[in-house]
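*Asks:* For the protein sequence lines, the chains are A and B, in the order given.
Each residue of the first sequence is one higher than the one before, starting from 1 at the first, in our numbering.
Each residue of the second sequence is one higher than the one before, starting from 1001 at the first, in our numbering.
Beta carbons are placed, not taken as given, at the ideal position from N, Cα and C, and that holds for glycine.
2 protein chains.
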Amino acid sequence: MEFKNTKKTAVKGSTSNIPLRFVAIGDGVTKNLTVYEYGEDIIAVDFGIGFPELEDFGVDFIIPDMTYLLENSHKVRGLFITHAHADHFAAIPFLLKELNVPVYANKLTQEFIKELLEEKEFKRFKDSVSLHLFDASTNPVSLGAFTVSAFHVNHSVPDSLGMVIKSPQGTVVHMADFKIDQTPVIDAPIDLEAISRIGEEGVLCLASDCLGASKDGFIESERSLDETFPSLFGELQGKQIFITTISSNISRIRQIVDAAIKAGRKVVPVGRSIEKSINIAKNLGYLPFSDNAFMGVKKAEGLPQDSLVYIIAGCFGQPGSSLDKLSRREHRHVSVKKGGYVVFSSEPNPPGTDIAVGRVVDNLILMGVEVIDHLNRNAMHVSGHGHRGDLSQVASLVKPKYFIPIGGTIRQIHDYAKMIGKLGFNENSVFELQEGEVVEFRNNSAVKGKRIEVHDQYVDGIGLSPIVIRDRGLLSTDGVLVVVVPVSRKGRQRVGKVDIITRGFIYVKESKALLGKSRDVVNKAIEKDGDIANNWGGIKTNIEKDLKKFLSKETGREPLIIVHSIFI
Amino acid sequence: MEFKNTKKTAVKGSTSNIPLRFVAIGDGVTKNLTVYEYGEDIIAVDFGIGFPELEDFGVDFIIPDMTYLLENSHKVRGLFITHAHADHFAAIPFLLKELNVPVYANKLTQEFIKELLEEKEFKRFKDSVSLHLFDASTNPVSLGAFTVSAFHVNHSVPDSLGMVIKSPQGTVVHMADFKIDQTPVIDAPIDLEAISRIGEEGVLCLASDCLGASKDGFIESERSLDETFPSLFGELQGKQIFITTISSNISRIRQIVDAAIKAGRKVVPVGRSIEKSINIAKNLGYLPFSDNAFMGVKKAEGLPQDSLVYIIAGCFGQPGSSLDKLSRREHRHVSVKKGGYVVFSSEPNPPGTDIAVGRVVDNLILMGVEVIDHLNRNAMHVSGHGHRGDLSQVASLVKPKYFIPIGGTIRQIHDYAKMIGKLGFNENSVFELQEGEVVEFRNNSAVKGKRIEVHDQYVDGIGLSPIVIRDRGLLSTDGVLVVVVPVSRKGRQRVGKVDIITRGFIYVKESKALLGKSRDVVNKAIEKDGDIANNWGGIKTNIEKDLKKFLSKETGREPLIIVHSIFI
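1) In the DSSP assignment, the alpha helix (DSSP H) including alanine 86 of chain A goes from what residue to what residue?
2) Using the Cα positions of lysine 179 of chain A and leucine 391 of chain A, report the straight-line distance between them to the nearest angstrom.
3) Cutting at 7 angstroms between CB atoms, please list the residues of its own chain near glycine 1389 of chain B, excluding the five before and the five after it.
4) Going residue by residue through the segment 1011-1077 of chain B, where are the continuous alpha helix (DSSP H) segments of at least 4 residues, counting only ones entirely within it?
5) In chain order, what residues of the same chain lie with their CB nearer than 8 angstroms to the CB of glycine 386 of chain A, ignoring the 5 residues before and after it?
6) How is lysine 1553 of chain B classed by DSSP in three states: helix, strand or coil?
7) Determine which residues of the segment 525-543 of chain A have a Cβ less than 8 angstroms from any Cβ of chain B, and write them out in chain order.
8) What is the C-beta distance between phenylalanine 51 of chain A and threonine 34 of chain A, in whole angstroms, given that I count them as a contact (C-beta under 8 angstroms)?
9) From the DSSP output, read off the bridge partner residues of valine 1173 of chain B.
10) Below 8 angstroms CB to CB, which residues in the same chain sit around asparagine 1283 of chain B once its five sequence neighbours on both sides are set aside?
11) Does the beta-carbon of phenylalanine 1047 of chain B have 16 or more other beta-carbons within 10 angstroms, so that it is buried, or is it exposed?
12) Determine the DSSP secondary structure at glutamate 440 of chain A, reduced to helix, strand or coil.
13) Run through DSSP, which three-state label would phenylalanine 146 of chain A get?
14) Have a look at threonine 1244 of chain B and glutamate 1347 of chain B and give me their C-alpha separation to the nearest angstrom.
15) Output yes if chain B places a C-beta closer than 8 angstroms to the C-beta of leucine 236 of chain A; else output no.
16) Report the partner residues of threonine 1244 of chain B according to the DSSP bridge assignment.
17) Determine whether the Cβ of threonine 409 of chain A lies closer than 8 angstroms to any Cβ atom of chain B.
18) Just to make sure I have the definition right: I need the residues of chain A whose C-beta is within less than 7 angstroms of the C-beta of glycine 1358 of chain B. Which are they?
19) Kindly indicate which three-state DSSP category lysine 1126 of chain B falls into: helix, strand or coil?
20) Within the 8 angstroms Cβ cut-off, does isoleucine 1455 of chain B reach chain A?
21) Are leucine 560 of chain A and arginine 1557 of chain B close, meaning C-beta to C-beta below 8 angstroms?
22) Measuring CA to CA, which of B/Val1522, B/Val1185, B/Phe1550 is closest to serine 1565 of chain B?
23) Between which two residues does the alpha helix (DSSP H) containing valine 1268 of chain B stretch?
24) Name, please, each residue of chain A whose Cβ falls closer than 7 angstroms to the Cβ of aspartate 1324 of chain B.
25) Give the residues from the segment 385-399 of chain A that approach chain B closer than 9 angstroms (Cβ to any Cβ), ordered along the chain.
26) Between which two residues does the beta strand (DSSP E) holding glutamine 110 of chain A run?
27) Our contact map puts isoleucine 43 of chain A next to leucine 131 of chain A with C-beta atoms below 8 angstroms; I'd like the distance itself, whole angstroms only.
28) Going by the CB atoms, is the gap between tyrosine 38 of chain A and isoleucine 18 of chain A shorter than 8 angstroms?
29) Note down, in chain order, every chain A residue with its Cβ under 7 angstroms from the Cβ of asparagine 1378 of chain B.
30) Can leucine 1375 of chain B and serine 1327 of chain B be called in contact, C-beta distance under 8 angstroms?
31) For arginine 328 of chain A, return the contacting residues in chain B, with the cut-off set at a CB-CB distance below 7 angstroms.
32) Using CA atoms only, rank isn't needed, just tell me which of B/Ser1445, B/Lys1097, B/Phe1294 is closest to serine 1016 of chain B.
33) Nearest CA to the CA of methionine 163 of chain A: which residue from A/Arg223, A/Pro140, A/Gln169?
34) Rounding to the nearest angstrom, what Cα-Cα distance links proline 1102 of chain B and isoleucine 1406 of chain B in this structure?
35) For lysine 8 of chain A, count neighbouring C-beta atoms within 10 Å of its own C-beta (all shown protein chains included) and say buried if the count is 16 or more, exposed if not.
36) How about threonine 138 of chain A and arginine 1472 of chain B: do their beta carbons lie closer than 8 angstroms?
Structure follows, in structure tokens:
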């Protein structure tokens, strides 16, 4: 205790008036980005993608708002990546396009980043990107006022990192996604000794994963699935087997390959993400099997199916994924036979996926395929996120003055805060932050700073603005109605009949009367203030207003109304 | 065994060549409708609504396809309703609008139907509707070749019915949603004696609920929640409490009211569905409490909040529901205070609801409200659908020659079939049916008949066709692009410039070049075959085709393209 207090005093010693700022820019669970700022220095942790929600119509994915980094670009010293999951690194090319910041990441993450940079869009600057190896074995990195080092944690991808960020205001321990696993499949157990040592040195703040904070006890070890695949392959001798899992779960893939070799089956990766992941993992030694253990998907077509195990992408039923295509008999190279098996070794129903997964499963069953998953078999999956047991143990070892739960929903953040209260810490020592919120640390105390504005940045292959997404929302429920008003080039008068075209609103064949009346509404609005030459803007607004009111009354719907004049 | 065989022979005695037809028209889980047909007689069981899926843009709900009933309207003798759940009865007015068929239902269902008929749309024929009391206590009803009687089953709404449908080809036992509950809250335990007796008489086919067929063991009794609310109210003395549950779960409401009275709190129903349900249940004696136990929502505003318990609609986070409004501070009459509690006593995350519920919960937590649900407390809900234990027991008592699992997904239907196999029945005795599929029973054997065509019937306040829904789908992801071609009334030539208007596709301000090039594509397509007078149709198709190809190549998107000529 003596020792601990002495050390803590060292932290308290800081009397600088420059605050250490913690800026939460990600949305909680995905598109992770945290900014640490001290005076003229900024470092960022993670830069991942997010996944569109229902009302983000047509959006492929979302990237973190980089405005704050760009506005302060002269301060940005480096970007540190915690682990090789897309929601923590996959938006990096979009940042690098705007700002050539040095990136610090482990080997695995670096290989995935290099893959991304091969995309056409990024090729022209990929050679100027500065990637630095950074993991639990490398030396601390000093960038401006910050010194950053890493320690090993467990997660569902190997070699994940916790970070120790030292600043003149004190030390922050940043632990994105993690669990405590004493018997992981590929890498070592989480380095609790290092965490304990850092805790003894005195920690100002712990930024901790909280995704599992609503769940009691400890999460199981990845090794608890060791018997799953050998016994499955034993039972399913003579059968065709597909296994679907998330492509980044390399230790799961290792367990499957291991069991496949013992069962005399060759592994056939199906789907770009799985193939890429297996290739990278093989090259880095995470999958220590000979090439002979694997087989290409085209070659596999003609072979006895009971000599193979397919590992197929699309465990969340993603439309267009290999598994989705398989379930519709639309995959070009593989097909599942009647009497074959599809095995889900993946998280059961993460938010927003249940309907897509249900459809894939139903389609498979209609094809005479048997489905094995958490509903009919135990030990099919363990999560990479610690439960309250894991989270409490780490919090107790780090024993910081302040806590910032990260990587969770508002509810999970709140449950983490309650957990901290029960551990005997001051419940007020937890900052429950939302996107854009800021905590400022100064002289060993902390207050909320001024929130910064954060907006979703949509990516859909073409540049997108929030207005476009909003319009798609309107179009999706009520359709569109276009009013074309022919106007004479000379004199600017209406010449000829107003035309109305509509789609996705009403069934035109059965709604002639409604469209006729709509035309009357438009004509009246034009006549009300017929000076098209000088007041087209006003007339246009009137048409929109009157028509909206009329249609809403008649149909209860409000289609997107476009009023367009055509000059003749 | 002797006895059983003898009885079965009685069924085998039928030698009529007219088949008994079982036509599955509902989609499995919702919008239930089953048609039984024998020669010139048809009876239907249930006529409920379905709920739109993601791609049913803007649809409020779906009703069963009534084409088969209308095409055979001269045969339709009666409609029997199994229980008072919307997915089993709420589409009835739409059928009655087209066909005045006698409806047989229990008291509770009748009251709900009467409520529906009060809607403006149905008022003009509501007085000619012929409603007949039909439940476990009424005499068998003979309609044409059919004789129908009912027995009592348990479910999450009181007085649910199983049906015995006797036809010249044998007896079908029709058991929609049910569970075995030896200690229900309101009504009696399921009448296993009656079921056993019917089984002994010999049953041709059991049409059985299968929603719980993927789950092991027996579902818990509704009474297992008896302690839930008293202990909750004990712990939350002095606190504001909202409880949300599904409005039709009258026994749950009874448990809440019971506990509220003992805790000295008055019950405040919030939301139309909850108010309606409580009113009807009170009038029928299902809620034997004095009016004094309840309080109107407006009156409650000014009272001490710890003297009340709100029962609020919207347990699945439905947008626009009372709970949704409460969580956004948009409810006109009630507001939840900081430190208040919202308790979910409802099914955790039925398909497609997790994101909506998550948002409501997160909003509440941001308001400083505590949420209690299955994640942090046991015994918050029990299902109304039996698990494999319940389903097996009933199957063994009925011991029919054939089985048709109903009311489940394709997977649940398949799991029911596997369960039947394990019970020692012939697995081939189970018909796994999809929408529109038909089973024909003749001389004690059964075969699949010719599948009939079934289409979703959308209801969204205005009549909807599938084309409109399809267009909304396109609009929702890729937006719309309108091409206006001005054409001279005389001579039918292009006069003036082609105009292009777009919404929800690209951000116009940043895409002037793309729109310019699109105009070139249109002009070229017109010039290719410039005879607008004689070939506008062909030109229009060319414009659409060329533009689609061009935009897809440039942007990877395919907006809905509308080509419109305007005559001047």
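*Replies:* The relevant details are as follows:
1) Reading the first sequence from its first residue, position 86 is the one you call residue 86 of chain A. Run containing alanine 86 of chain A: 86-89, per the alpha helix (DSSP H) assignment.
2) Residue numbering aside, residue 179 of chain A sits at position 179 when the first sequence is read from its first letter. Residue numbering aside, residue 391 of chain A sits at position 391 when the first sequence is read from its first letter. Looking at the two C-alpha atoms, the distance is approximately 8 angstroms.
3) Within the second sequence, residue 1389 of chain B is the residue found at index 389, counting from 1. Correct list, in chain order: Gly1217, Phe1218.
4) 1067-1071
5) As a working mapping, residue 386 of chain A is identified with position 386 in the first sequence. Counting only Cβ-Cβ distances below 8 angstroms, and skipping sequence neighbours, we find Phe178, Lys179, Ile180, Asp209, Gly212, Phe218, Ile219, Val394.
6) For the purposes of this step, residue 1553 of chain B is taken as residue 553 along the second sequence, with counting starting at 1. The answer is helix: DSSP assigns lysine 1553 of chain B an H, G or I state.
7) none
8) On the first sequence, residue 51 of chain A is found 51 positions in, with the first residue counted as 1. On the first sequence, residue 34 of chain A is found 34 positions in, with the first residue counted as 1. So it is not a contact: roughly 19 angstroms between Cβ atoms.
9) Locating residue 1173 of chain B in the second sequence gives position 173, counting from the first residue. Per DSSP, B/Val1164, B/Leu1206.
10) For this step, residue 1283 of chain B is matched to residue 283 along the second sequence. Correct list, in chain order: Glu1111.
11) Along the second sequence, read from residue 1 onward, the residue named residue 1047 of chain B stands at position 47. Buried, because 16 or more other Cβ atoms sit within 10 Å of the Cβ of phenylalanine 1047 of chain B.
12) Indexing the first sequence from 1 puts residue 440 of chain A at position 440. The answer is strand: DSSP assigns glutamate 440 of chain A an E or B state.
13) For the purposes of this step, residue 146 of chain A is identified with residue 146 of the first sequence, where counting begins at 1. Here phenylalanine 146 of chain A sits in strand by DSSP.
14) Counting from 1 along the second sequence, the entry for residue 1244 of chain B is found at position 244. Counting from 1 along the second sequence, the entry for residue 1347 of chain B is found at position 347. Taking the straight line from one Cα to the other gives about 11 angstroms.
15) Counted from its first residue, the first sequence places residue 236 of chain A at position 236. So no, leucine 236 of chain A is outside the interface.
16) For the purposes of this step, residue 1244 of chain B is taken as residue 244 along the second sequence, with counting starting at 1. For threonine 1244 of chain B, which the question treats as bridged, DSSP gives the partners B/Ile1312, B/Phe1344.
17) Here residue 409 of chain A corresponds to residue number 409 of the first sequence, with the count starting at 1. At least one chain B Cβ lies under 8 angstroms of threonine 409 of chain A.
18) Within the second sequence, numbered from 1, the residue matching residue 1358 of chain B stands at position 358. Residues of chain A passing the Cβ test: Pro351, Thr409.
19) Taking the first residue of the second sequence as 1, we reach residue 1126 of chain B at position 126. It is helical.
20) The count along the second sequence starts at 1 and reaches residue 1455 of chain B at position 455. This sequence places histidine at residue 1455 of chain B; isoleucine is not what is there. Chain A, which has no Cβ nearer than 8 angstroms to the Cβ of histidine 1455 of chain B, makes this no.
21) For the purposes of this step, residue 560 of chain A is taken as residue 560 along the first sequence, with counting starting at 1. For the purposes of this step, residue 1557 of chain B is taken as residue 557 along the second sequence, with counting starting at 1. Not in contact: leucine 560 of chain A and arginine 1557 of chain B (Cβ atoms no closer than 8 angstroms).
22) Residue numbering aside, residue 1565 of chain B sits at position 565 when the second sequence is read from its first letter. Of the candidates B/Val1522, B/Val1185, B/Phe1550, the one whose C-alpha sits nearest the C-alpha of serine 1565 of chain B is B/Val1522.
23) As a first step, residue 1268 of chain B is located in the second sequence; it is residue number 268 there, counting from the start. Looking at the DSSP string, valine 1268 of chain B is not in any alpha helix (DSSP H); the run it does join, the beta strand (DSSP E), is 1266-1270.
24) Counted from its first residue, the second sequence places residue 1324 of chain B at position 324. Residues of chain A passing the Cβ test: none, with the nearest at roughly 14 angstroms.
25) none
26) Taking the first residue of the first sequence as 1, we reach residue 110 of chain A at position 110. Here glutamine 110 of chain A belongs to no beta strand (DSSP E); instead the alpha helix (DSSP H) covers 107-117.
27) What you label residue 43 of chain A is simply residue 43 of the first sequence in a count that begins at 1. What you label residue 131 of chain A is simply residue 131 of the first sequence in a count that begins at 1. Contact flag wrong, Cβ pair sits at about 16 angstroms.
28) As a first step, residue 18 of chain A is located in the first sequence; it is residue number 18 there, counting from the start. As a first step, residue 38 of chain A is located in the first sequence; it is residue number 38 there, counting from the start. Contact: yes.
29) Within the second sequence, numbered from 1, the residue matching residue 1378 of chain B stands at position 378. In chain order: nothing, as chain A lies at least about 11 angstroms away.
30) Stepping through the second sequence from its first residue, residue 1375 of chain B is reached at position 375. Stepping through the second sequence from its first residue, residue 1327 of chain B is reached at position 327. Cβ atoms of leucine 1375 of chain B and serine 1327 of chain B: not closer than 8 angstroms.
31) In the first sequence, residue 328 of chain A corresponds to position 328, counting from 1. Near arginine 328 of chain A there are no residues of chain B at all, since even the closest Cβ is about 14 angstroms away, more than 7 angstroms.
32) To locate residue 1016 of chain B, count along the second sequence from 1; it is residue 16. The candidate whose alpha carbon is nearest that of serine 1016 of chain B is B/Ser1445.
33) Looking up residue 163 of chain A in the first sequence gives position 163. When only C-alpha atoms are compared, the closest one is A/Pro140.
34) Mapped onto the second sequence, residue 1102 of chain B falls at position 102. Mapped onto the second sequence, residue 1406 of chain B falls at position 406. The straight-line gap from Cα to Cα measures roughly 24 angstroms.
35) Taking the first sequence and counting its residues from 1, one reaches residue 8 of chain A at position 8. Bear in mind that a pLDDT of 40 at lysine 8 of chain A, under 50, signals an unreliable position, so the model cannot answer this.
36) Here residue 138 of chain A refers to the residue found at position 138 of the first sequence. Here residue 1472 of chain B refers to the residue found at position 472 of the second sequence. Not closer than 8 angstroms, so no.
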